[in-house]
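K.L.:
So in my numbering, spot 264 of the sequence shown is number 256, and the numbers just go up one at a time.
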Amino acid sequence: MDFLASMGGTAGWLLGYVVPFLFVLTIVVFFHELGHFWVARRAGVRVVAFSIGFGPEIAGFNDRRGTRWKLSAIPLGGYVKFLGDENAASAPDRGAISHMSETERRESFFHKSVGARAAIVAAGPIANFILAIVIFAGLFMTVGRQVTTPQVDAVQAGSAAERAGFQPSDLILTINGAKIDSFGDMQRVVSANAGEPLAVEVERGGQRLTLQATPDLREVTDTFGNVHRIGVLGISRDTGGGQVRTERFGPVQAVTQATAEVWFIVDRTFSYLGGVVTGRERADQLGGPIRIAQVSGQVATFGIAALLQLAAVLSVSIGLLNLFPVPLLDGGHLLFYGIEALRGRPLSERAQEVGFRIGLALVLMLMLFATWNDILNISKS
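(1) Assign R342 to buried or exposed, taking buried as 16 or more other Cβ atoms, counted over all protein chains shown, within 10 Å of its Cβ.
(2) Could you tell me whether the Cβ atoms of V318 and G351 are closer together than 8 Å?
(3) Would you call the region 292 to 303 and the region 11 to 26 touching, i.e. three or more CB-CB distances under 8 Å?
(4) Can you tell me whether L225 is buried or exposed? The criterion is at least 16 other CB atoms within 10 Å of its CB, across all chains shown.
(5) In this structure, how does DSSP classify S340 when only helix, strand and coil are distinguished?
(6) I need the straight-line Cα distance from G0 to G136, nearest angstrom please.
(7) So, for G223: in the same chain, excluding its five sequence neighbours on each side, which residues have a beta-carbon less than 8 Å away from its beta-carbon?
(8) Can you say whether L321 is buried or exposed, counting buried as having 16 or more other CB atoms within 10 angstroms of its CB?
(9) Under 8 Å by Cβ, that's how I've got F121 and V31 pegged, so tell me the actual separation to the nearest angstrom.
(10) Starting from V39, follow its DSSP beta bridges and name the residues at the other end.
(11) Taking I331 as part of the alpha helix (DSSP H), name the residues at either end of that continuous run.
(12) Taking all protein chains shown into account, do 16 or more other C-beta atoms lie within 10 angstroms of the C-beta of E374, making it buried, or fewer, making it exposed?
(13) Of the residues H24, L68, W61, S43, which one's Cα is nearest the Cα of V10?
(14) Give me the Cα-Cα distance between E332 and G289, rounded to the nearest whole angstrom.
(15) Quick check: the Cα distance between L378 and V355, rounded to an integer number of angstroms?
(16) Excluding the five sequence neighbours on either side, which residues of its own chain have a C-beta within less than 8 Å of the C-beta of R200, listed in chain order?
(17) If you draw a straight line from the alpha carbon of R109 to that of G169, how long is it in whole angstroms?
(18) Is the number of C-beta pairs between the region 40 to 56 and the region 128 to 135 that are closer than 8 Å three or more?
(19) Give me whichever residues DSSP pairs with E211 in a beta bridge.
(20) Pick helix, strand or coil for N185, following the three-state DSSP scheme.
(21) Grab the span of the beta strand (DSSP E) containing I89 for me, first residue to last.
(22) With C-beta atoms as the reference, is V20 less than 8 Å away from F74?
(23) Is I257 near F158, with beta carbons less than 8 Å apart?
(24) Leaving out the 5 sequence neighbours to the left and right, which residues in its chain are closer than 7 Å to A119 when beta-carbon positions are compared?
(25) Whole angstroms are fine: how far does the CA of Y71 sit from the CA of L360?
(26) Does the distance from the C-beta atom of I172 to that of L190 stay below 8 Å?
(27) State yes or no: is the C-beta of R229 within less than 8 Å of the C-beta of T140?
(28) Whole angstroms are fine: how far does the CA of A35 sit from the CA of D(-6)?
(29) Pick out whichever of T202, Q245, F328, R180 has its Cα sitting closest to the Cα of V405.
(30) Which class does L315 belong to by DSSP, given the choice of helix, strand or coil?
(31) Contact check, A250 vs I125 under 8 Å by CB: the rounded distance?
(32) In whole angstroms, what separates the C-alpha of W61 from that of L123?
(33) Tell me which residues share the same chain as A115 and place their Cβ nearer than 6 Å to its Cβ, disregarding the 5 neighbours each side in the sequence.
(34) Whose C-beta lies closer than 6 Å to the C-beta of A292 among residues of the same chain, with five residues either side of it excluded?
(35) Looking at the structure shown, is T166 part of a helix, part of a strand, or coil, going by DSSP?
(36) Where K77 and G311 are concerned, what is the direct C-alpha to C-alpha distance, given to the nearest angstrom?
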């Protein structure tokens, strides 16, 4: 009986966490690598391999142009390998390059112009942003989003809102000049600006007035027990009695809203990282694969729409991370190509090798730190 119970627990863990995690990560990784692949093919570069995952191949096939499409054992990323690459990080294979025929040189990534190489590398992160916009737009058109009028129904005693002079029935119009269309819009701006003064324009009794409010920093626990440090004003909205409506958008407006959603994630990410550097934010919110798996399982309980939304958020994060100017990442390659364009020649082999080693060390340290945060969060829950 204990064995059957343990088997049932294992199956539940696989279905509850591993399957949603692999679903979300595979979508994001596939489209990232597809961006590299699509632009490379159009630039005349021969693609040797397209892999989802790293390590030993589990299954695969060759297409008519000789590209090996494969699923590999370690599902924590992926890569596209071009002719002339030594490894998955697109480090040039100097030995192979020196013995290439003229035909191979024309199809080699290494021998393409710096502009073509930069376009191929940038296509991965760009594909991530496009994927996020497509997912968000699709959700806005089909599922829609719930909207609640940004009106104050209650003000918490001793809160930032009370200190700022908020009153019940105030209708929030703008925050720092940005239009507020829903209570959710207001919450997102406030949560991202703990300790920062905000100019909040409200309508009260037919008149407009501006209140100066500084959100308090609070630790809040979500439905799944995850702790988040966010800014709060201390106002609430009644969501009963038909106060919440579902709003769906047409294609053009959906794309516009989706682009704004992607920009919000990018802006919030930079704001958080800036806060970590200046000491306003704690680095314990940085998560790795374990956190992603945990969140994927939690979000999956809300349905496929919520899981797709998580995939869109993760796609933006991965696209943004890959643009950081760290050797080994796409942004590091772009940095090298920018230097090459300015100098008229690439950096020396030795300089690039040192750069890639530094980049590898930085990426490994980030992964170890994020995994350590994941373990600490699990031990607290």
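Cβ atoms here follow ideal geometry from the backbone N, Cα and C, with glycine treated the same way.
P.N.:
With the structure as the only source:
(1) With fewer than 16 neighbouring CB atoms inside 10 Å of its own CB, R342 falls in the exposed class.
(2) Cβ atoms of V318 and G351: closer than 8 Å.
(3) Yes, the region 292 to 303 is in contact with the region 11 to 26.
(4) Buried, because 16 or more other Cβ atoms sit within 10 Å of the Cβ of L225.
(5) When secondary structure is reduced to three states using DSSP, S340 falls in the coil class, being assigned neither helix nor strand.
(6) Note on G0: pLDDT 46, under 50, position unreliable in the model; the coordinate value appears next. Near 36 Å, if we compare the C-alpha coordinates of G136 and G0.
(7) Leaving aside the five residues that flank G223 on each side, the residues in its chain whose CB is nearer than 8 Å to its CB run, in chain order, V182, S183, A184, N185, A186, G187, E188, P207, D208, L209, R210.
(8) It is buried - the Cβ of L321 has at least 16 other Cβ atoms within 10 Å.
(9) Contact flag wrong, Cβ pair sits at about 14 Å.
(10) DSSP output for V39 lists F74 as bridge partner(s).
(11) Taken as a continuous stretch (DSSP letters only), the alpha helix (DSSP H) holding I331 covers 322 to 335.
(12) The chain is shown from -7 up to 373; residue 374 falls before or after that span and cannot be answered.
(13) With distances taken between Cα atoms, V10 lies closest to L68.
(14) Approximately 44 Å between the Cα atoms of the pair.
(15) Residue numbering for the chain in the displayed model covers -7 to 373; residue 378 lies beyond these limits and cannot be assessed.
(16) Counting only residues of its own chain and dropping the five nearest sequence neighbours on each side, R200 has a CB closer than 8 Å to the CB of L165, E193, V194.
(17) If you take the alpha carbons of R109 and G169, they lie about 41 Å apart.
(18) A contact between stretches requires three or more CB pairs, one per stretch, nearer than 8 Å, and the region 40 to 56 fails this requirement with the region 128 to 135.
(19) The beta-bridge partner set that DSSP reports for E211 consists of R221.
(20) N185 carries a coil assignment under DSSP once its states are collapsed to helix, strand and coil.
(21) No beta strand (DSSP E) holds I89; the alpha helix (DSSP H) holding it covers 86 to 90.
(22) Taking 8 Å as the Cβ cut-off, V20 and F74 do not qualify as a contacting pair.
(23) With a cutoff of 8 Å on beta-carbon distance, I257 and F158 are scored as not near each other.
(24) Hits under 7 Å: F23, H24, L26, G27.
(25) Taking the straight line joining both Cα atoms gives about 21 Å.
(26) No, the Cβ-Cβ distance between I172 and L190 is not below 8 Å.
(27) In contact: R229 and T140 (Cβ atoms closer than 8 Å).
(28) With a pLDDT of 46 at D(-6), under the threshold of 50, the predicted position of this residue should be treated as unreliable, though the coordinate-derived value follows. The C-alpha of A35 is placed about 58 Å away from the C-alpha of D(-6).
(29) This structure does not reach residue 405, given that the chain is present from -7 up to 373, and the question cannot be answered.
(30) Correct three-state label for L315: coil.
(31) That belief holds up - the Cβ atoms of A250 and I125 are roughly 5 Å apart, short of 8 Å.
(32) If I take the Cα positions, the gap works out to 21 Å.
(33) Within its own chain, the residues whose Cβ lies closer than 6 Å to the Cβ of A115, once the five positions on either side in sequence are excluded, are G27, H28, V31, listed in chain order.
(34) Here the set comprises P12, L299.
(35) In the structure shown, T166 sits in a strand (DSSP, three-state: E or B).
(36) The question names Lys, yet the displayed sequence has Asp at residue 77. In this structure, the CA atom of D77 is about 22 Å from the CA atom of G311.
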